[in-house]
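The sequence shown begins at 2 in this note's numbering and counts up one residue at a time. Step one of this worksheet: look at the structure below.
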Amino acid sequence: MVFCNFVELTCCEKRFEKLSEISESISSSLEVFCVQRLCNSFGGEIVINNKVILVEDDQLTRLLIGKMLESKGYQVISVGSVPEALQAYHQEPVKVILSDIEMKPYSGLELLPKLSTQPTPPSIIFMTGRGSLTSAYEAISQGAFDYLGKPVQADLLFTILERAFSQRNQPPGLIRTIESPDYGLIGRSSQMVEVYKNVALAGMCDSNVLIWGESGTGKELIAKAIHEHSSRKNNRFITVNCGAITETLLESELFGHIKGSFTGAIGNKKGLFEEANGGTLFLDEIGDVSFGLQVKLLRVIQEGEFKPVGSVENRRTNVRIIAATHRNLAKMVQEEKFREDLFYRLKVLTLQLPSLRARLGDIIPLAQYFINKNLRDGRKCCLSETAIERLLNYSWPGNIRELEHAIERAVAMTHGAVLYPEDFSLQRESENSIAASEVKVPFLQRTLMPVPQEETLISIEELEKRHILKVIKSTHFNKTRAAQILGIDRATLYRKAERYQISLGETEEIVSVLSNEPQSEAPVAH
Numbered sequence: 002m003v004f005c006n007f008v009e010l011t012c013c014e015k016r017f018e019k020l021s022e023i024s025e026s027i028s029s030s031l032e033v034f035c036v037q038r039l040c041n042s043f044g045g046e047i048v049i050n051n052k053v054i055l056v057e058d059d060q061l062t063r064l065l066i067g068k069m070l071e072s073k074g075y076q077v078i079s080v081g082s083v084p085e086a087l088q089a090y091h092q093e094p095v096k097v098i099l100s101d102i103e104m105k106p107y108s109g110l111e112l113l114p115k116l117s118t119q120p121t122p123p124s125i126i127f128m129t130g131r132g133s134l135t136s137a138y139e140a141i142s143q144g145a146f147d148y149l150g151k152p153v154q155a156d157l158l159f160t161i162l163e164r165a166f167s168q169r170n171q172p173p174g175l176i177r178t179i180e181s182p183d184y185g186l187i188g189r190s191s192q193m194v195e196v197y198k199n200v201a202l203a204g205m206c207d208s209n210v211l212i213w214g215e216s217g218t219g220k221e222l223i224a225k226a227i228h229e230h231s232s233r234k235n236n237r238f239i240t241v242n243c244g245a246i247t248e249t250l251l252e253s254e255l256f257g258h259i260k261g262s263f264t265g266a267i268g269n270k271k272g273l274f275e276e277a278n279g280g281t282l283f284l285d286e287i288g289d290v291s292f293g294l295q296v297k298l299l300r301v302i303q304e305g306e307f308k309p310v311g312s313v314e315n316r317r318t319n320v321r322i323i324a325a326t327h328r329n330l331a332k333m334v335q336e337e338k339f340r341e342d343l344f345y346r347l348k349v350l351t352l353q354l355p356s357l358r359a360r361l362g363d364i365i366p367l368a369q370y371f372i373n374k375n376l377r378d379g380r381k382c383c384l385s386e387t388a389i390e391r392l393l394n395y396s397w398p399g400n401i402r403e404l405e406h407a408i409e410r411a412v413a414m415t416h417g418a419v420l421y422p423e424d425f426s427l428q429r430e431s432e433n434s435i436a437a438s439e440v441k442v443p444f445l446q447r448t449l450m451p452v453p454q455e456e457t458l459i460s461i462e463e464l465e466k467r468h469i470l471k472v473i474k475s476t477h478f479n480k481t482r483a484a485q486i487l488g489i490d491r492a493t494l495y496r497k498a499e500r501y502q503i504s505l506g507e508t509e510e511i512v513s514v515l516s517n518e519p520q521s522e523a524p525v526a527h
């Protein structure tokens with residue numbers, strides 16, 4: 002209301018002379034709406050700089066995202082390729098470009114070097130359904146404003162757009178050559194795309210990082226990836242598991258010791274802080290460190306100084322600390338089991354890794370990766386449809402590490418070309434996980450095909466069709482959730498449903514979208 006009164010008074014007193022200045026300060030869609038309504042009531046016009054160039058080669062996805070943006074008051078210039086985007090920008094420069102990455106023949110990333118030389122380069126937000134650490138780092142390091150996974154979450158996108166419009170004179174990013182691989186990081190789910198983005202951002206600074214995640218989620222892989230994308234990548238990356246060593250030995254391991262400082266100290270020994278000088282020290286399971294040793298860790302992190310066990314002389318080191326834990330350190334601070342000052346020194350940057358059960362769309366790609374990793378002598382192997390069902394319905398309390406061990410055992414103990422549910426020894430099934438043999442309605446009975454008496458080998462297309470149908474029904478026809486589980490965007494889900502003649506339960510919605518009717522009037526399936 003205060004904003005509306007301000008604009009109304011300005012319109013009355015200055016007769017639109019300063020409206021261009023007012024429009025430049027407007028970032029939210031609500032403010033845009035207020036200004037437009039007020040100016041219309043005074044019989045005047047105002048041009049709000051809220052235009053977005055939307056670059057998406059898939060026509061249906063472009064239509065759906067365009068309608069979503071227009072519903073929030075954005076003016077959308079929709080194009081289907083990078084050359085069209087460049088042409089549209091030169092005809093009418095905009096502040097923000099929202100672009101897909103995976104387009105042919107030119108990747109959306111081509112926009113970065115071509116537009117970074119502009120006097121005031123636009124903020125470029127990328128979307129991807131095939132996220133990777135390499136593409137995330139390439140985008141962020143060259144100046145991308147943000148990097149989002151598909152399907153795009155509407156609330157998150159609008160928040161990022163408002164930040165992009167409110168940003169002034171964004172400097173072009175520092176362009177770096179991308180040479181490093183993805184370090185074994187597998188997954189294209191929206192959760193992993195967010196992780197890739199955060200790894201890229203962490204690699205571009207030298208701050209301490211705290212990685213939180215359940216055991217087996219790949220915390221060490223993430224730490225290595227941050228190191229390899231940092232300015233310290235040519236120096237050492239050293240790992241120490243703080244929970245696997247006793248307090249006395251851990252102190253000696255970290256800080257070193259001098260000869261005779263304790264029984265068994267037959268010579269001088271460098272500590273890991275000294276060995277890692279100039280590089281990165283990864284402190285795994287930092288939550289298991291004793292309270293007394295936390296004090297010494299705090300000093301070396303704050304001052305860059307430490308004393309080897311038994312020494313009276315300080316030594317200096319310059320290391321980056323990446324710590325990881327599966328414990329709730331904030332709760333431990335409240336319980337006075339972890340020092341608050343050390344906690345805040347470690348968590349300058351925080352990365353939270355999703356559990357495997359929270360990224361169902363990545364389970365099968367990970368499983369196939371581990372199958373290929375363990376195959377020898379040109380052997381080929383794949384998962385049967387019931388094996389896929391078993392893997393997707395298991396809760397994976399041990400996360401990726403448990404999946405890797407399960408696949409390794411199955412491949413080693415099976416000589417056939419197909420893996421079946423009985424080939425997996427999943428002993429830790431929780432009450433919430435349902436084995437394939439325990440599903441109330443068998444998976445095959447939910448398909449369009451009759452249930453065979455014995456499992457037979459089928460084509461990849463038929464396997465994909467059955468899996469999509471299973472996911473659609475298990476999510477009660479929630480298209481967004483189904484697309485997330487499958488690791489694809491909604492437009493791809495619609496195409497596959499049409500190809501396989503699968504009902505998504507909302508024929509009227511698709512028709513209304515394609516006929517430019519308001520999507521809000523379409524029925525929503527629950």
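Just so you know, even glycine gets a beta-carbon here, dropped at the ideal spot from N, CA and C.
Secondary structure of residue i, DSSP reduced to three states
i: Leu-282; result: strand
i: Met-414; result: helix
i: Leu-354; result: coil
i: Tyr-395; result: coil
i: Lys-270; result: strand
i: Ile-1; result: Given that the chain is displayed from residue 2 to residue 527, the structure contains no residue 1 and the question cannot be resolved.
i: Arg-402; result: helix
i: Val-316; result: For the record, residue 316 in the displayed sequence is Arg; it is not Val. Looking at Arg-316 - three-state DSSP - the assignment turns out to be strand.
i: Gly-219; result: coil
i: Ser-100; result: strand
i: Tyr-421; result: coil
i: Gly-150; result: strand
i: His-258; result: strand
i: His-230; result: coil
Identity of the residues DSSP links to residue i by a beta bridge
i: Ala-324; result: Leu-211 and Leu-284
i: Phe-238; result: Thr-281
i: Gly-311; result: Partner(s): none; Gly-311 has no beta bridge.
i: Cys-383; result: Val-419
Distance, residue j Cα to residue i Cα
i: Phe-238; j: Leu-298; result: 18 Å
i: Asn-235; j: Gly-74; result: 48 Å
i: Gly-379; j: Arg-402; result: 25 Å
i: Thr-62; j: Ala-388; result: 32 Å
i: Leu-420; j: Lys-374; result: 15 Å
i: Val-349; j: Ser-208; result: 6 Å
i: Ile-66; j: Gly-188; result: 24 Å
i: Arg-467; j: Arg-500; result: 13 Å
i: Ala-492; j: Phe-339; result: 48 Å
i: Cys-243; j: Glu-57; result: 47 Å
i: Leu-367; j: Leu-392; result: 11 Å
i: Asp-156; j: Met-128; result: 15 Å
i: Thr-476; j: Gln-485; result: 11 Å
i: Gln-335; j: Arg-346; result: 16 Å
i: Glu-275; j: Glu-254; result: 10 Å
i: Leu-361; j: Leu-55; result: 29 Å
i: Leu-505; j: Glu-463; result: 17 Å
i: Ser-79; j: His-228; result: 39 Å
i: Ile-70; j: Val-194; result: It should be noted that the sequence gives Leu, not Ile, for residue 70. So the alpha carbons of these two residues sit roughly 22 Å apart.
i: Asn-479; j: Pro-114; result: 39 Å
i: Ser-72; j: Phe-159; result: 11 Å
i: Leu-273; j: Ala-498; result: 55 Å
i: Glu-386; j: Leu-487; result: 15 Å
i: Ser-191; j: Ile-322; result: 27 Å
i: Asp-363; j: Ala-137; result: 18 Å
i: Val-320; j: Ser-216; result: 25 Å
First and last residue of the uninterrupted alpha helix (DSSP H) at residue i
i: Ser-79; result: Segment 76-80 is the beta strand (DSSP E) holding Ser-79; no alpha helix (DSSP H) there.
i: Val-196; result: 191-204
i: Asp-156; result: 155-167
i: Ile-302; result: 292-304
i: Tyr-495; result: 491-501
i: Tyr-345; result: 341-347
i: Asn-375; result: 364-375
i: Ile-141; result: 134-142
i: Val-334; result: 330-335
Distance between beta carbons of residue j and residue i, contact taken as under 8 Å
i: Gly-204; j: Leu-354; result: The Cβ separation is near 16 Å, so there is no contact.
i: Pro-309; j: Gly-257; result: 4 Å
i: Glu-221; j: Thr-249; result: About 24 Å separates the two Cβ atoms, so there is no contact after all.
i: Ile-161; j: Ile-126; result: 6 Å
i: Val-53; j: Leu-99; result: 6 Å
i: Val-412; j: Ile-372; result: 6 Å
Range covered by the beta strand (DSSP E) that runs through residue i
i: Phe-127; result: 124-129
i: Leu-110; result: Taken as a continuous stretch (DSSP letters only), Leu-110 belongs to no beta strand (DSSP E), as it is neither H nor E.
Chain D contact for residue i (CB, 7 Å cutoff)
i: Tyr-197; result: The structure shown contains no chain D; it holds only a single protein chain.
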